[in-house]
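Residue numbers (the working numbering), protein chains in the order written: chain G, 1 to 701; chain B, 1001 to 1556.
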């Protein structure tokens, strides 16, 4: 008999974000301005659990819902209890607050253990089912970290489940296709990317939920190891509003003006670099700086200012040696700069000035990603970034490549020019099994101790990285869009990695540093870093890392892998994507196809057809065409979204497009708020018109 | 009783968590704390489907809350919601696009002379948002342990054939696809049983109308409606200060009514300030307009561009928009049992806008909705052991009340206007209470092939309007708007009236697709039900979509 634990999270309703929901100074969200709701993907996880329970056909199996949060988070448990969940547990305690993903996963894993003991009588035939990620953090780290803590297999991005031969077969998304797998043996952690039929509340269950006393556990009840701020491995340094990513949101009344805009924008020749703020000065470690007390690489503006004042004061007082500062010189400094900082701060800053070497030691690594044949392009982008970071720190660039039959791929990596290549070659790594891979990669990282490790934020990287980092006891920041070296001299941190990422569906940016860790780890979205123009000049020294893997290290059986045929290059100047609004495959081919054709005929650009996840799931387009976080991240000049609602995962994947154009019949489609130009109307009507005008326009010139 | 049945039964079931339903629940819980009171609401959240001007007479709020929640006046919410007391009360007459004059003195004179429309003065009332008011009353109800379940839409009632009591209320099926096929997550609508049923659905309630039919209740006069469209506009500080936060403006004349030379429609414009530099602008039009190409939103555009209105809102940005109907026919249209006169029957009573307790002389119904909820609660509390007498007692209480008195004074007003048109009807209405009751026709029969002469050049942007109403429905469900017979559209409507539903629907739900009128975008629907009332051939039915769909008003 299988039982199910569904993890749910209460999140601010980011779909309802209004301009006044943020404190513009600090970029922090004013929580009271936004409604709290259940995380959308968690509702799909509930539906998946319900489906599994029915497929399994066991009346006595239970679905228990678990959440961690403040007392008001029991609202989401009531939501679940109104939808056929048998029981619910709220994990709530002040000491659990302020947690990062590690300090969230750890207590949740301990709560899972307690549920298994107390609700399931220690029966370990159970599944932990979670939404792939939450809309507020969207890190997708907690489920794999729970799997790591509980030492369970993890199957990510599941879109369907079937019950065959007495076991569940899960179908999930992989790069460019889908894969059906089964776990060797439950328990297992499952993350859900989509379930088409979310459950409806029944009146009777909803009333029952209202009247129920929900089980509450506090921190001492579960006895977790890593909780709250102290158990966290990362800390947020600052939060700020996203810069220029603000879209025009201009509504167009007719397709004629849209045709004009497509023509204009297709001619824009803005070099990519112009869109990014590249004016940043290059980081050097304090020991390599010309001015002795130069501390102008601090993580916050305030700290940079304070250090500037301090160094000016020291200069004024003719102090050149930190070690000669005594009580009376401190008084002098405070006399001059006292209105800027107090004694305690001065002590911290002076202590900081003593440090001139980097806090972390070791190289900067990239964990290469591949599909067994080809290295993922994001790996090369990251190697370029790693080299820049390594250069700042005066260390080497390393690449870790794990798999079987690596010869060809190794050559490609050598060509990219890192200093060192760590090869883990083993036949059991022929196919991607998260359990075996995480063991191999963590072992290699653990024995060479680089100071920074970067992963690509692809479906696979977003599962592997949290497992590896958790296993090594290190912090991890997901989906970074910018990585810089910084100092936090006042807290005695020099030359550390400042990891900046969007949060709350791209509505804020957060800069994060790693703490309580030996290694700083981050994943970065494909496409955000520039592919290096030329190979690095590293020697490409190969270091083979031996690993002992047993068959028991494999956690899953791969039943079927289907990668859609044909190569699709989404690295074009224009992408025309179709969503569920296309209704059927014929429409998709006809409408997307005709628009692509008209643009190709009339404008001198490269173009490709794309699709949303929903369109792929409904069979309108092949998986290789999927654009978005779980598909391909793209950065065309013009992205044209037809009948795409604008789910957050899709928008993340097109965030780097120069111009976004949307056509949708729903005037409320979220995509309009994130596009530059939009037209309200059905694609069946608007596309043929647009094609007509594109053709006319060309004739008239 | 097994567990499931236990939760499908409540002592009191209130359909609709608006001001009337919530007032009933709060008052009743205070009278009898042991009662199991359950409110269901089709909106996703409290207040989401509530739209009004609104000017509130505060007395009923005192009656309700002084007892249920003695400290209410000191709460932050009360202070915020009742922050704006009316101090200035303007009635403007607009003549053309530019000219307007203040005719408040006429009303003041009427008041002195004790004429009906002297009631139209609003001084010392409060300017409120009914969405906010509802949300606040809801939070009070929840604190009192009243069960308040949002996202559940009801569609029908079932009566006991023997004694005419209502046995159960049926909820909407969930999980059907567009063609009505069951999806894997299909759940049939549950039947909820209760000893007492209170219908508080608001204007033209789906369950209420079904109940009226099944219980054979009657209206002396058909219900007459108005359609209101409203926008909440963020304006500049100086515009707001110029308007002031304590002034209400009611406008007559242009663009609805231009005696002799232009259109003749009953209604007018409103300008109400809202907190924090927001001003609400709206148009209310009697649904008996005759123009096939008229759309209240066109009138709103013209009104907004009138020089008097424009100066307060020009360059402002619309932050919310919505549409709703108002039941205006007054006392003669309150449904009751032809034998006993009860407003409802046996254990089932009708309150608020569902009953039609709007006083057209005051252009207000909110206070009466709250009062009717209070009387409903009293009637239930007195009949705990004899539910079948509830409607009788409720009607007695209503008839002894101020509510009835003022409804009676306004009883003939709207009918007089409907009968004689605004030009003659309005002056005549001053003595309406002396005139006999007129026979009037349903709004659905008013449409003609006439055209509205002031139609603006530019088409109203309904997409943005619907987006500003933040309306949303699950796409994959059967259309909740039904065209009964498409042949009627083709044969009788399109040739004469040009398919007016395409024009008058404020959210562009109706479209012509392959020469056939279809409710093509049901997910845009604002639940205003104008289509059901205004279709010239009575060929459209509004049914309830899955719960939690519809607009999401926050400050309307």
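Beta carbons: idealized from backbone N, C-alpha and C, even for Gly.
{"Asked": "Selection from 533/G, 459/G, 296/G, 258/G that minimises the alpha carbon distance to residue 628/G", "Found": "459/G"}
{"Asked": "Within-8 Å CB hit, residue 1149/B to chain G", "Found": "yes"}
{"Asked": "Residue 1466/B at chain G interface by Cβ criterion, 8 Å", "Found": "yes"}
{"Asked": "Within-8 Å CB hit, residue 1187/B to chain G", "Found": "yes"}
{"Asked": "Nearest-angstrom Cβ-Cβ length linking residue 1155/B and residue 1170/B, presumed shorter than 8 Å", "Found": "6 Å"}
{"Asked": "Residue 1305/B - DSSP class collapsed to helix/strand/coil", "Found": "helix"}
{"Asked": "Sheet register partners of residue 1525/B (DSSP bridge)", "Found": "Looking at the DSSP assignment, residue 1525/B forms no beta bridge with any residue, so it has no partner."}
{"Asked": "Chain B contacts made by the stretch 190-210 of chain G, where a contact means CB separation under 9 Å", "Found": "196, 197, 198, 199, 200, 201, 202, 203, 204, 205, 206, 207, 208, 210"}
{"Asked": "Exposed unless 16 or more other CB atoms sit within 10 angstroms - verdict on residue 962/B", "Found": "One cannot answer for residue 962/B here, as it falls past the ends of chain B, which runs 1001 to 1556."}
{"Asked": "Any C-beta of chain G under 8 Å from that of residue 1007/B", "Found": "yes"}
{"Asked": "Three-pair Cβ contact test at 8 Å for the stretch 608-617 of chain G versus the stretch 142-156 of chain G", "Found": "no"}
{"Asked": "CB contact check: residue 1175/B to chain G, cutoff 8 Å", "Found": "yes"}
{"Asked": "Backbone CA spacing between residue 377/G and residue 437/G [nearest angstrom]", "Found": "20 Å"}
{"Asked": "Continuous alpha helix (DSSP H) stretch holding residue 1136/B: start and end", "Found": "1130-1143"}
{"Asked": "Endpoints, the beta strand (DSSP E) within which residue 662/G is located", "Found": "659-664"}
{"Asked": "Residues that residue 1190/B contacts on chain G, provided the C-beta gap is smaller than 9 Å", "Found": "202, 203, 204"}
{"Asked": "Residue 78/G: first and last residue of the uninterrupted alpha helix (DSSP H) it sits in", "Found": "74-81"}
{"Asked": "Three-state class that DSSP yields for residue 84/G in the structure shown", "Found": "coil"}
{"Asked": "Alpha-carbon spacing of residue 354/G relative to residue 345/G, whole angstroms", "Found": "15 Å"}
{"Asked": "Helix, strand or coil at residue 177/G according to DSSP, with G and I counted as helix", "Found": "strand"}
{"Asked": "Members of the stretch 1512-1536 of chain B that neighbour chain G once the beta carbon cut-off is set at 8 Å", "Found": "1521, 1523, 1524"}
{"Asked": "Residue 410/G to residue 401/G span [Cα, whole Å]", "Found": "8 Å"}
{"Asked": "Beta carbon of residue 1372/B nearer than 8 Å to that of residue 1341/B", "Found": "no"}
{"Asked": "Cβ-Cβ distance between residue 242/G and residue 47/G below 8 Å", "Found": "no"}
{"Asked": "Residue 1018/B, DSSP secondary structure in three states", "Found": "coil"}
{"Asked": "Any non-hydrogen atom of the ligand HEM closer than 7 Å to residue 1083/B Cβ", "Found": "No copy of the ligand HEM appears in this structure; indeed no ligand is present at all."}
{"Asked": "CB contact below 8 Å: residue 87/G versus chain B", "Found": "no"}
{"Asked": "Beta carbon proximity, residue 1463/B to chain G, threshold 8 Å", "Found": "yes"}
{"Asked": "CA nearest to the CA of residue 1142/B, picked from 1503/B, 1350/B, 1027/B", "Found": "1027/B"}
{"Asked": "Per DSSP, cross-strand counterpart(s) of residue 625/G", "Found": "Answer is none; residue 625/G lacks a bridge partner."}
{"Asked": "Contact set between the stretch 1468-1497 of chain B and chain G, restricted to residues whose Cβ is under 7 Å from the partner", "Found": "1470, 1471, 1472"}
{"Asked": "The stretch 1271-1280 of chain B touching the stretch 1228-1236 of chain B, judged by at least three CB pairs closer than 8 Å", "Found": "yes"}
{"Asked": "Candidates 1461/B, 1541/B, 1506/B, of which the one nearest residue 1526/B by Cα", "Found": "1506/B"}
{"Asked": "Span of the alpha helix (DSSP H) around residue 415/G", "Found": "407-416"}
{"Asked": "Counterpart residues of residue 1159/B in DSSP-defined beta bridges", "Found": "1166/B"}
{"Asked": "Buried or exposed by the 16-neighbour rule on C-beta atoms within 10 Å, applied to residue 696/G", "Found": "exposed"}
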